[in-house]
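Since the structure comes first, as structure tokens, the remarks are kept for the end.
Number of protein chains: 2
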Amino acid sequence: MPNCTMNECGKSVVYTLSVVGGKWKWIILAILFENGVQRYGEIKKSASAITHKMLSQQLKELEAEQLILREEYHQIPPKVEYSLTEKGKTLIPIIQLMADWGTKYKPSK
Amino acid sequence: MPNCTMNECGKSVVYTLSVVGGKWKWIILAILFENGVQRYGEIKKSASAITHKMLSQQLKELEAEQLILREEYHQIPPKVEYSLTEKGKTLIPIIQLMADWGTKYKPSK
DNA sequence: CCGAATCCTTGGCGATACTG
DNA sequence: CAGTATCGCCAAGGATTCGG
Numbered sequence: 001m002p003n004c005t006m007n008e009c010g011k012s013v014v015y016t017l018s019v020v021g022g023k024w025k026w027i028i029l030a031i032l033f034e035n036g037v038q039r040y041g042e043i044k045k046s047a048s049a050i051t052h053k054m055l056s057q058q059l060k061e062l063e064a065e066q067l068i069l070r071e072e073y074h075q076i077p078p079k080v081e082y083s084l085t086e087k088g089k090t091l092i093p094i095i096q097l098m099a100d101w102g103t104k105y106k107p108s109k
Numbered sequence: 001m002p003n004c005t006m007n008e009c010g011k012s013v014v015y016t017l018s019v020v021g022g023k024w025k026w027i028i029l030a031i032l033f034e035n036g037v038q039r040y041g042e043i044k045k046s047a048s049a050i051t052h053k054m055l056s057q058q059l060k061e062l063e064a065e066q067l068i069l070r071e072e073y074h075q076i077p078p079k080v081e082y083s084l085t086e087k088g089k090t091l092i093p094i095i096q097l098m099a100d101w102g103t104k105y106k107p108s109k
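As you go down the protein sequences, you meet chains A and B in turn. To convert, note that position 45 of the first sequence is 45 in the UniProt record's numbering; the numbers rise steadily by one, no gaps. To convert, note that position 1 of the second sequence is 1 in the UniProt record's numbering; the numbers rise steadily by one, no gaps.
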């Protein structure tokens, strides 16, 4: 446990969670990681439990944090594609560990 | 969370986040990881932003998930110690990555 | 097809007080 | 010192609509 001196570790975790807060952001990032470039509707379909409002909101926040890239095609009908930025890709190891942990401990039905 | 038409990786992330939901749980786990066995008051002090009610609640949930161990000493005044269980320790790699990420991207004061 | 704005409900969470 | 219970607020988030 290097560089984890008294509370520094905890504070860094606090910071990370303040940037990627709540579970929706992790899930959205996982979807983009798995499927690459995705349109709004594709993400929505992958995470059907999320509401329209929540998804737009979370995407906007992730974009503001420079974790995802938003590319808008000015056309009718509109088309917007999202993808991970380089910074967003640095979160992949965490997402993978989360996925591994979930796979291991998820009750098999 | 129900009927997510998602691929396996995404589902596993969803499961993980359903077990360790919200930021408080990660922070509590980080504190126990850093400092080892901790009394209630010590945790409270490390995460001063958390309220009394929240802390008890989160601790109870973490205990129910078998991620932390609660040891009560029946004495006056009461003394209760918390520590990571073996299952809880399996989350350490994730916490460490979160700490590393936070350290790297946290704006320098 | 995508996103913003509005309205409205709900429960998360804080504050406080009380018990063992 | 540790935990539980109660009350009440406010904001998170759901449903819907409109506009580009």
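By construction, the Cβ of each residue, glycine as well, lies at the ideal position given by its N, Cα and C atoms. Treat the numbers as computed from the prediction; the structure is a model and nothing was measured.
Closest by C-alpha distance to residue i, when choosing among the options
i              : options                         : result
K11(B)         : S56(A), A49(A), K53(A), K79(A)  : A49(A)
Y40(A)         : W26(A), I92(A), Y82(A), I95(A)  : Y82(A)
residue 155(A) : K79(A), A64(A), H52(A), S108(A) : Any property of residue 155(A) remains undetermined from this structure, which presents chain A solely from 1 to 109.
K25(A)         : E61(A), Q96(A), L97(A)          : E61(A)
C9(A)          : K79(B), K53(B), L29(B), E8(B)   : L29(B)
Q66(B)         : V80(B), V20(B), T85(B), E42(B)  : T85(B)
V80(B)         : K104(B), N35(B), E42(B)         : E42(B)
Reduced DSSP category for residue i - H, G, I as helix; E, B as strand; rest coil
i      : result
E65(A) : coil
K45(A) : helix
L84(B) : strand
Q75(A) : coil
Cβ-Cβ distance between residue i and residue j below 7 Å
i      : j       : result
V37(A) : G102(B) : no
F33(A) : I92(A)  : yes
T90(B) : M98(A)  : no
Alpha-carbon to alpha-carbon, residue j and residue i
i       : j       : result
G22(B)  : S18(A)  : 11 Å
M1(B)   : Q75(A)  : Its pLDDT being 36, under 50, M1(B) is placed unreliably by the model, and nothing is read from it.
K44(B)  : S108(B) : 26 Å
K106(A) : T51(B)  : 30 Å
D100(B) : K53(A)  : 32 Å
P77(A)  : A47(A)  : 22 Å
I27(B)  : I31(A)  : 25 Å
K104(A) : N35(B)  : 27 Å
Q96(A)  : V20(A)  : 15 Å
Proximity test, residue i beta-carbon vs the ligand SAH heavy atom, cut-off 6 Å
i      : result
V80(B) : Summarising the ligand content, the structure contains no ligands, and the ligand SAH is consequently not present.
| query | Looking at C-beta atoms only, is the number of pairs between the segment 53-65 of chain B and the segment 69-80 of chain A that lie closer than 8 Å three or more? | reply | no
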